[in-house]
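Step one of this worksheet: look at the structure below.
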Amino acid sequence: MRSPLQCDRIDGDSLRRSSLVIRAAAKLALLAIGRSRSSLATLAAPRS
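Take any residue in the sequence shown, count from 1 to its spot, add 981: that is its number in my numbering.
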């Protein structure tokens, strides 16, 4: 049997890890969106 303190500690670690993963995924998504947006802008821009 695990004590509630150990369960809380494990939950906190997993929550922290998942939040880091979510943050990294959000950063990658923002980078991809920015790249696709800039490429779309250069494609849509009239060639002078």
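Where a beta carbon is used, it is the ideal one built from N, C-alpha and C, also for glycine.
{"Query": "In three-state DSSP terms, what is Ala1007?", "Result": "helix"}
{"Query": "What would DSSP say about Ala1026, mapped onto helix, strand or coil?", "Result": "coil"}
{"Query": "Who are the near neighbours of Ala1025 in its chain, counting only those whose CB is closer than 8 Å to its CB and skipping five residues on each side?", "Result": "none"}
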